[in-house]
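Take 82 as the starting number for the sequence shown in the numbering used here and just add one per residue. Ideal placement from N, C-alpha and C gives every residue a C-beta, glycine not left out.
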Amino acid sequence: MVGSFHRDTWVEVDLDAIFHNVASLRTFLRKETAIMAVVKANAYGHGDVQVAQTALEAGASYLAVAFLDEALALRKKGIEAPILVLGAVRPEDIQLAARERITLTVFQQEWLEKAKQWHQDGPPVALHLKMDTGMGRLGVKEEEETKRIVAMIDEHSAFSLEGVYTHFATADEIDTQYFSFQYENFLRMLNWLPYQPKWIHCGNSATSLRFPDKVFNMVRFGIAMYGLTPSLALKPHLPFELKEAFSLHSRIVHVKRLLPGEKVSYGATYTVEKEEWIGTVPIGYADGWIRKLQNFQVLVNGVKAPIIGRICMDQMMIRLPEYVPVGTKVTLIGKQGDAQVTMDDVAQYLGTINYEIPCTISYRVPRIFLKKQSIMEVRNVVLDGNRYV
Numbered sequence: 082m083v084g085s086f087h088r089d090t091w092v093e094v095d096l097d098a099i100f101h102n103v104a105s106l107r108t109f110l111r112k113e114t115a116i117m118a119v120v121k122a123n124a125y126g127h128g129d130v131q132v133a134q135t136a137l138e139a140g141a142s143y144l145a146v147a148f149l150d151e152a153l154a155l156r157k158k159g160i161e162a163p164i165l166v167l168g169a170v171r172p173e174d175i176q177l178a179a180r181e182r183i184t185l186t187v188f189q190q191e192w193l194e195k196a197k198q199w200h201q202d203g204p205p206v207a208l209h210l211k212m213d214t215g216m217g218r219l220g221v222k223e224e225e226e227t228k229r230i231v232a233m234i235d236e237h238s239a240f241s242l243e244g245v246y247t248h249f250a251t252a253d254e255i256d257t258q259y260f261s262f263q264y265e266n267f268l269r270m271l272n273w274l275p276y277q278p279k280w281i282h283c284g285n286s287a288t289s290l291r292f293p294d295k296v297f298n299m300v301r302f303g304i305a306m307y308g309l310t311p312s313l314a315l316k317p318h319l320p321f322e323l324k325e326a327f328s329l330h331s332r333i334v335h336v337k338r339l340l341p342g343e344k345v346s347y348g349a350t351y352t353v354e355k356e357e358w359i360g361t362v363p364i365g366y367a368d369g370w371i372r373k374l375q376n377f378q379v380l381v382n383g384v385k386a387p388i389i390g391r392i393c394m395d396q397m398m399i400r401l402p403e404y405v406p407v408g409t410k411v412t413l414i415g416k417q418g419d420a421q422v423t424m425d426d427v428a429q430y431l432g433t434i435n436y437e438i439p440c441t442i443s444y445r446v447p448r449i450f451l452k453k454q455s456i457m458e459v460r461n462v463v464l465d466g467n468r469y470v
């Protein structure tokens with residue numbers, strides 16, 4: 082194992098795949114359409130600064146995160162590109178955002194009134210107005226409130242309205258009826274503005290890939306940047322190949338032969354029916370490989386091996402197709418030869434979406450970043466009380 086971490090479980094993040102996905106979108110979109118790379122949640126578990134740098138190199142010009150802490154972490158790691166916070170920021174933190182040149186979302190008049198009290202002077206804060214066209218999350222819905230917000234921004238020298246945006250609830254579904262409703266709603270609401278701000282964006286990954294003529298002049302590229310399709314229904318309809326960037330691996334640390342009638346793991350839920358080779362793998366639910374994955378299959382020497390018994394906090398057991406030596410590589414997500422376990426496979430088994438899977442693989446699993454045949458390892462570091470890898 083390359084690097085200085087000391088456990089036999091790791092994630093590989095293929096930055097060339099990230100670059101490919103962003104560059105392909107850059108080619109697919111109109112030249113004047115900007116790309117905002119969404120790197121919230123530690124870049125969906127991939128590594129925030131590494132993904133941000135790669136996305137910017139590939140043609141993105143703006144970044145997006147969920148919370149102010151995530152934006153500040155990127156600034157501390159040397160990222161100078163514009164960053165939009167998509168979620169709510171406490172009004173009393175607005176001066177910190179101004180000082181760090183972080184763009185904020187304004188979503189209601191009450192928030193702006195409080196923010197004005199905390200930011201009377203100093204560097205201006207760029208704001209993007211969020212409109213709720215049918216998502217039911219953050220955003221203004223009424224014409225009068227929208228007009229009052231814009232007027233308040235315009236009369237305050239420390240604020241500037243840089244953008245306006247909305248978010249679609251069903252852009253990843255084949256049925257476009259509700260998408261069309263939201264899109265028409267957004268067009269109607271844009272007419273409430275006395276002028277057009279610099280950026281207008283409504284395109285998430287699904288919208289960007291399906292409706293490039295309806296994204297205005299910026300898209301927010303999230304899940305597809307990581308090579309994951311926004312929904313299984315869209316897989317056959319992609320305009321270009323998406324390359325999955327995240328793979329998860331471990332190594333067998335113990336091999337034993339069990340005889341018929343012997344039990345495996347907590348609760349003794351698995352009983353050996355015939356002589357079997359069992360391998361112990363150092364990954365468990367504390368790493369995000371949760372107990373519901375019992376009976377799911379991983380890859381050993383290109384062959385599928387089922388997880389047997391209950392997954393423990395730090396370890397799990399697999400039934401081996403044959404004896405293999407300690408140290409043999411186990412792939413939980415990714416490829417081995419012609420065999421593959423995809424993020425969608427894991428998500429389908431758990432009854433969830435692929436977005437959730439990389440986000441749940443915890444900080445204590447080291448990330449190794451692969452770029453142009455070179456390996457860049459990033460150790461666990463502590464930043465503002467949070468662990469990033």
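Residue range of the unbroken beta strand (DSSP E) whose run includes residue i
| i | result |
| --- | --- |
| His-335 | 335–339 |
| Val-379 | 378–381 |
| Ala-115 | 115–119 |
| His-282 | 280–284 |
| Val-146 | 143–146 |
| Ile-359 | 357–362 |
| Ile-449 | 448–452 |
| Arg-301 | 299–302 |
Reference residue i; option with closest CA among the options
| i | options | result |
| --- | --- | --- |
| Leu-397 | Ser-328, Gly-365 and Asp-294 | Here residue 397 is Met; the residue named in the question, Leu, does not match the sequence. Closest option to Met-397, Cα to Cα, is Gly-365. |
| Val-221 | Trp-273, Phe-292 and Glu-265 | Trp-273 |
| Gln-176 | Ala-207, Lys-158, Glu-191 and Ser-346 | Ala-207 |
| Leu-110 | Glu-224, Trp-192, Phe-321 and Thr-186 | Phe-321 |
| Thr-108 | Ala-428, Ala-349, Leu-315 and Gly-140 | Gly-140 |
| Pro-363 | Pro-439, Ser-289 and Arg-445 | Arg-445 |
| Ala-349 | Ile-389, Leu-374 and His-335 | Ile-389 |
| Arg-229 | Met-216, Glu-191 and Gln-258 | Glu-191 |
| Leu-193 | Ala-169, Arg-180 and Asp-253 | Ala-169 |
| Asp-256 | Leu-315, Lys-373 and Glu-354 | Leu-315 |
| Glu-325 | Ile-438, Phe-249 and Arg-269 | Ile-438 |
| Asp-419 | Arg-269, Ser-443 and Val-381 | Val-381 |
| Glu-225 | Lys-195, Gln-189 and His-237 | Gln-189 |
8 Å Cβ cutoff met for residue i and residue j
| i | j | result |
| --- | --- | --- |
| Ser-142 | Ala-115 | yes |
| Glu-243 | His-209 | yes |
| Ala-305 | Ser-286 | yes |
| Thr-214 | Phe-292 | no |
| Leu-323 | Gly-308 | yes |
| Pro-402 | Val-379 | no |
| Leu-219 | Ile-183 | no |
| Ser-331 | Leu-451 | no |
| Ile-449 | Trp-91 | yes |
| Ile-392 | Trp-370 | yes |
| Leu-144 | Ala-118 | yes |
| Cys-440 | Gly-128 | no |
Extent of the continuous alpha helix (DSSP H) to which residue i belongs
| i | result |
| --- | --- |
| Thr-350 | Counting along the chain, Thr-350 falls outside any alpha helix (DSSP H), and DSSP gives it neither H nor E. |
| Glu-226 | 224–236 |
| Gln-270 | Inspection of the sequence shows that residue 270 is occupied by Met rather than by Gln. Run containing Met-270: 258–271, per the alpha helix (DSSP H) assignment. |
| Ser-105 | 96–109 |
| Glu-243 | Run containing Glu-243: none in the alpha helix (DSSP H); it sits in the beta strand (DSSP E), 240–246. |
| Val-130 | 129–139 |
| Arg-156 | 149–157 |
Cβ separation of residue i and residue j, assumed to be a contact under 8 Å, to the nearest whole Å
| i | j | result |
| --- | --- | --- |
| Phe-240 | Pro-275 | Not a contact, Cβ separation roughly 15 Å. |
Which ranges does the alpha helix (DSSP H) cover as unbroken runs of at least 4 residues, wholly within the segment 385–422, from first to last along the chain? The segment 385–422 contains no whole alpha helix (DSSP H) run of 4 or more residues.
What ranges does the alpha helix (DSSP H) occupy inside the segment 185–216, keeping only unbroken runs of at least 4 residues that lie completely in it? Note on the segment 185–216: whole alpha helix (DSSP H) runs with a minimum of 4 residues are 190–199, in chain order.
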